[in-house]
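Asks:
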Amino acid sequence: MKAQTTFFRRLTSQYRRLLWVLAALCCLNPGGPALAESATLPDQLIGVTQGFLEFTVEDYLASSQTEGRYEIQVNQLDPRLRMAACDKELTATLESPATPIGRVTVKVRCEGSSPWTVFVPAQVKLFRNVVVTTRPLKRAGIIEPGDVTLRERDISLNNQGFLTSTDEAIGQKLVRPMVMDQVVTLVHLEQAEVVRKGDQVVISATSGGLVVKMPGEALSNGGLNEQIRIKNLNSQRVIKARVTAPGQVEVAL
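Read left to right, the sequence shown gives residues -36 to -1, 1 to 217 (mature numbering (1 follows the signal peptide of the UniProt record, and there is no 0)).
#1: If you draw a straight line from the alpha carbon of GLU53 to that of SER77, how long is it in whole angstroms?
#2: Out of GLN124, ASN122 and LEU114, state which residue places its alpha-carbon closest to the alpha-carbon of ILE134.
#3: Could you tell me if VAL139 is buried or exposed, where buried requires 16 or more neighbouring beta carbons within 10 angstroms of its beta carbon?
#4: Should LEU153 and GLN164 be called a contact, given that it needs their Cβ atoms to be closer than 8 angstroms?
#5: According to DSSP, simplified to helix, strand and coil, what is PHE19?
#6: Assuming ILE106 and ALA156 are in contact, meaning their beta carbons sit under 8 angstroms apart, how far apart are those beta carbons, in whole angstroms?
#7: Have a look at VAL158 and ASN123 and give me their C-alpha separation to the nearest angstrom.
#8: Find out if the Cβ-Cβ distance for the pair VAL94, ILE119 is shorter than 8 angstroms.
#9: Is it buried or exposed for ASP145, if we count other Cβ within 10 angstroms and need 16 for buried?
#10: Count the other C-beta atoms from every protein chain shown that fall within 10 angstroms of the C-beta of GLY11, then say buried if there are 16 or more, exposed otherwise.
#11: Would you mind giving the Cβ-Cβ distance between GLY110 and THR149, rounded to the nearest angstrom? I have them listed as a contact below 8 angstroms.
#12: From what residue to what residue does the beta strand (DSSP E) around GLU214 run?
#13: Is it the case that the Cβ atoms of VAL215 and VAL147 are separated by a distance below 8 angstroms?
#14: Quick one: Cα of ALA104 to Cα of ASN185, how far?
#15: Can you say whether ALA86 is buried or exposed, counting buried as having 16 or more other CB atoms within 10 angstroms of its CB?
#16: Going residue by residue through the stretch 20 to 57, where are the continuous alpha helix (DSSP H) segments of at least 4 residues, counting only ones entirely within it?
#17: Tell me whether THR13 sits in a helix, a strand or coil according to DSSP, three-state version.
If you want it as structure tokens, here you go:
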């Protein structure tokens, strides 16, 4: 199926509204005798869909504070499609999904004297700077600074999560191998264990500006910021503490 591609990015709100109004008005029946048998053509439906999606995507990105560049691709409709000319302004709504990113369907309706509804498929691509690999990486390896970088990728169809900072990936353990220039997703990662069961650790207990340190023993494995069971070797009590670094845990008094 062919696709008509239109590029939109950060237009002014006044211009966006103008595009939407013009796209809708072009489908109104002017009522002139030369156009007595006029119809709403596929290109007009595509224009309305493009205008609606441009406005909707801009609003979504602004309200969700999402950075990125987007492209709108509206699928071509059957050129033989002829809907009755609408004597009212066409309405467009997002049929699916809930957010206007990825594969979407727009419902275009005429609520005039000869009502009709057309569903127009489209795709909204969203390009963001995300973490990708700089070389092939092996399973169970720990990601190092030189293993990852930021590059622009289309994440509109990514349903596995993605990272927008290399700091989120560095130090993490890979649960599957990765090829060069592959987007790092959450399913590739496992929190690397920096404390293992039986390790001797330093417990830092904080209360306001006071810090008390004491020896402890890890009773379970743990990654950064994970809560694990620690045995206080002074009191022999078992407590829960947060892993802050290799051999270091912290508990609030």
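All C-beta atoms in this analysis are idealised placements derived from N, C-alpha and C, irrespective of residue type, glycine included.
Replies: The structure says:
#1: Start at 1 with the first residue of the sequence shown, and residue 53 comes out as number 89. Start at 1 with the first residue of the sequence shown, and residue 77 comes out as number 113. Approximately 12 angstroms between the Cα atoms of the pair.
#2: Indexing the sequence shown from 1 puts residue 134 at position 170. Measuring from the Cα of ILE134, the nearest candidate turns out to be LEU114.
#3: One-based indexing of the sequence shown puts residue 139 at position 175. Exposed: under 16 other Cβ atoms inside 10 Å.
#4: Counted from its first residue, the sequence shown places residue 153 at position 189. Counted from its first residue, the sequence shown places residue 164 at position 200. Taking 8 angstroms as the Cβ cut-off, LEU153 and GLN164 do not qualify as a contacting pair.
#5: Here residue 19 refers to the residue found at position 55 when the sequence shown is read from its first residue. Of the three classes helix, strand and coil, the one that applies to PHE19 here is helix, per DSSP.
#6: Here the question's residue 106 lines up with position 142 in the sequence shown. Here the question's residue 156 lines up with position 192 in the sequence shown. Contact flag correct, Cβ pair sits at about 5 angstroms.
#7: Along the sequence shown, read from residue 1 onward, the residue named residue 158 stands at position 194. Along the sequence shown, read from residue 1 onward, the residue named residue 123 stands at position 159. Distance between the alpha carbons of VAL158 and ASN123 is about 29 angstroms.
#8: In the sequence shown, counting from the first residue as 1, residue 94 sits at position 130. In the sequence shown, counting from the first residue as 1, residue 119 sits at position 155. Result yes, Cβ atoms of VAL94 and ILE119 sit closer than 8 angstroms.
#9: The residue you call residue 145 lines up with position 181 of the sequence shown. Classification for ASP145: exposed.
#10: To locate residue 11, count along the sequence shown from 1; it is residue 47. Buried.
#11: By 1-based counting over the sequence shown, the position of residue 110 is 146. By 1-based counting over the sequence shown, the position of residue 149 is 185. Incorrect: roughly 20 angstroms between the Cβ atoms, too far for contact.
#12: Reading the sequence shown from its first residue, position 250 is the one you call residue 214. Its beta strand (DSSP E) spans residues 212 to 216.
#13: Taking the sequence shown and counting its residues from 1, one reaches residue 215 at position 251. Taking the sequence shown and counting its residues from 1, one reaches residue 147 at position 183. No, these two residues do not count as a Cβ contact at 8 angstroms.
#14: Locating residue 104 in the sequence shown gives position 140, counting from the first residue. Locating residue 185 in the sequence shown gives position 221, counting from the first residue. Each residue's alpha carbon lies about 16 angstroms from the other.
#15: For the purposes of this step, residue 86 is taken as the residue at position 122 of the sequence shown. With 16 or more Cβ atoms within 10 Å of its Cβ, ALA86 is classed as buried.
#16: none
#17: The residue given as residue 13 occupies position 49 in the sequence shown. Note: THR13 maps to helix in three-state DSSP.
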